[in-house]
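Step one of this worksheet: look at the structure below.
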Amino acid sequence: QVQLVESGGGLVQPGGSLRLSCAASGSIKSIYALGWYRQAPGKQRELVAVITSGGTTTYADDVKGRFIVSKDFTKSTQYLANLQMNSLKSEDTAIYYCNGNFGGYWGQGTQVTVSS
């Protein structure tokens, strides 16, 4: 089993920045990708950004150029994935979920609210 724990959400003004972190523990050798999905009220959960163990990244079109996903898979007991979010917009308001292996594992989610 893999456990994913997110941190770093909160309230930020439009145009501001936030950094989310995801720590993966447990059977981490089974992880080949870590990333972020989000779900806004009344909407389906959607992919935001994912990075593979080889460093390949995938971004949703509306976050390209604003969000950067990074990883640290060097430790034997914990993998990390970070999401640097810049130039935030009100439309980015959602619960952000850390995800492993494109849907195999989920964190509990962290709220990001962009509002003045």
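The sequence shown begins at 26 in this note's numbering and counts up by one. Quick reminder that beta carbons are idealized off the backbone N, C-alpha and C, glycines included. These numbers were taken from a predicted model, which means no experiment stands behind them.
Task: One or two residues paired with ASN124 in a DSSP bridge - done: Among the bridge pairs identified by DSSP, ASN124 is matched with GLY60 and TRP131.
Open item on the list: Please state the DSSP three-state secondary structure of SER55.
Closed with: helix
TODO: Return the chain-ordered list of same chain residues with a C-beta closer than 7 angstroms to the C-beta of SER115, the five sequence neighbours on each side being excluded.
DONE: PRO39, VAL139 and SER140
Open item on the list: So if DSSP puts ASN107 in a beta bridge, which residue, or which two residues, is it bridged to?
Closed with: SER46 and SER95
- [ ] Could you tell me whether the Cβ atoms of LEU59 and CYS47 are closer together than 8 angstroms?
- [x] yes
- [ ] Give the DSSP-derived three-state secondary structure of SER141 in the structure shown.
- [x] coil
Open item on the list: Using a 10 Å radius around the Cβ and a threshold of 16 neighbouring Cβ atoms, would you call GLU31 buried or exposed?
Closed with: buried
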